[in-house]
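Residue numbers (our numbering): 1142 to 1574.
Data first, discussion second: the structure below is written as structure tokens.
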């Protein structure tokens, strides 16, 4: 597991249809109280926004910019997270389904410790993995989850690898796509979306459909704080974002097929509102852009739609994009510029407040990773491992690309001084940790 140098290394066009209503643009963003360097402690960083305003890593990079590369046990699609000098990532044995949580020294690339959890194989989608969860972390613990026919397992470990608590949460099943929910911390409250499948299509013989819910736990003890039932339709995968409701309540934003874009009270899980806009599966996570709550739906066969609903007022649809919307990748925004990196490699920039399409270009490749913004650069990774760098700007500019040389579906983790990228079986650090 010695750190090694990493090998080094696109644009056409599209028609798009957008419908919208004029909206006011305000701030619904609730930043945490972590220091500047602790912004990537959950899936897609602070509040799931996928952006780090200041990043000093050269993009695209040269081989000499690679600090280290670490071979991981097994494979996985889960993304890394960062706290202090440690990074955390899940992986799993592709044959036995044994899960691993790995802690890595970000300065040296050395594995610090590994915790193993035996399991058993079950059905997965060809693009899924037994380790599709992204851990979340605070100053005292790291939290991660997996699902199997035994149930959903949620675990808390200390930064030194000591197990603090473990919960096995009722019956689960290997759906068509497998488990992929990521726990998220909001203060001392740990939240996990438990999305189940309606009907017999994805269920083993004799296994009844489970009840979908959002679950909250005390992060220190693992004690259940609240559980809010949700409409069971299709399994959905997004991680929540936080905002202040119009009444001043700390609220969580979610997406699923049965309830649409919806908000729950962080304090007690009480439903606050919902906008039932979806009929297809929601894989991406919701994001907040000004006064818009953004969510997407879609399928492997297309028909993907992005909706933006009024976050604070009527919760009606203010923005709708029904071409070039992504199915799996979560969009990302820089101010009022909303960037969509589609599953087929088409990248589109929209002025969110007006619904104006500023540009749309075909970069290429099949894409499952979600784009992120590092400073003024937009990064996206195709499944073949091609990382493309664009200007995060209202004018299209392609800045270059890097070949990661392995299938990649995880989302990069950003730090002011370095970037962590997880391919299926490796963890790469670029910059100066």
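Just so you know, even glycine gets a beta-carbon here, dropped at the ideal spot from N, CA and C.
Using DSSP's beta-bridge definition, name the partner residues of residue 1412.
1405
Measure the C-alpha to C-alpha separation of residue 1544 and residue 1403 and round it to an integer number of angstroms.
38 Å
Relative to the C-alpha of residue 1322, which candidate in 1254, 1397 and 1385 has its C-alpha closest?
1397
Would you mind working out which of 1207, 1383 and 1240 sits nearest residue 1595, comparing C-alpha positions?
Missing from the structure shown is residue 1595; the chain here goes from 1142 to 1574 and no further.
Same chain, Cβ closer than 6 Å to residue 1457, five either side skipped, listed in chain order
1451
Whole-number beta carbon distance between residue 1469 and residue 1514, since they are thought to touch under 8 Å
In fact, because the Cβ distance is near 18 Å, the residues do not count as touching under 8 Å.
Hey, is residue 1385's beta-carbon within less than 8 Å of any beta-carbon in chain C?
In summary, chain C is missing from the structure at hand, where a single protein chain is found.
What residue range does the beta strand (DSSP E) around residue 1370 cover?
1365-1370
Taking the C-alpha atoms as reference points, what is the distance between residue 1392 and residue 1228?
28 Å
Could you pull out every unbroken beta strand (DSSP E) segment of at least 3 residues lying fully inside the stretch 1164-1239, listed in chain order?
1207-1212, 1222-1224 and 1227-1233
In whole angstroms, give me the CA-to-CA distance for residue 1173 and residue 1224.
Note that residue 1173 scores a pLDDT of 43, beneath 50, so its modelled location is shaky; the value from the coordinates is reported in the next line. Straight-line Cα distance between these residues: approximately 14 Å.
Hey, would you say residue 1237 sits closer than 8 Å to residue 1277, going by beta carbons?
no
Residue 1519 to residue 1550, Cα distance in whole Å?
16 Å
In terms of DSSP beta bridges, what is residue 1503 paired with?
1487
Which term fits residue 1164, buried or exposed, when burial requires 16 or more other beta carbons within 10 angstroms of its beta carbon?
Unreliable positioning characterises residue 1164 in this predicted model, as indicated by a pLDDT of 35, which lies under 50. A coordinate reading is not provided.
With DSSP as the reference, label residue 1550 as helix, strand or coil.
coil
Backbone secondary structure at residue 1449 - three-state DSSP
strand
If you compare alpha carbons, which of 1563, 1407 and 1522 is closest to residue 1509?
1522
Take the Cβ of residue 1417 as the centre, count every other Cβ of all protein chains shown within 10 Å, and call the residue buried at 16 or more, exposed below.
exposed
Taking 8 Å as the threshold (C-beta atoms), are residue 1348 and residue 1369 in contact?
no
Where residue 1377 sits in the DSSP three-state scheme:
coil
Please name the residue, chosen from 1193, 1195, 1209 and 1253, that lies closest to residue 1563 on a Cα-to-Cα basis.
1209
Own chain residues within Cβ distance below 7 Å of residue 1302, not counting five before or after
1244, 1254 and 1256
Terminal residues of the continuous beta strand (DSSP E) containing residue 1297?
1292-1299
Going by DSSP, what residues sit across from residue 1465 in a beta bridge?
Answer is none; residue 1465 lacks a bridge partner.
So is residue 1438 buried or exposed if we call it buried at 16+ other beta carbons inside 10 Å?
buried
Which of helix, strand or coil DSSP assigns to residue 1530:
strand
How many Å lie between residue 1309 and residue 1413 at the Cα?
28 Å
To the nearest angstrom, how far is it from the Cα of residue 1566 to the Cα of residue 1499?
37 Å
So residue 1217 and residue 1272 are in contact, right, with Cβ under 8 Å, and what is the actual spacing, rounded?
3 Å
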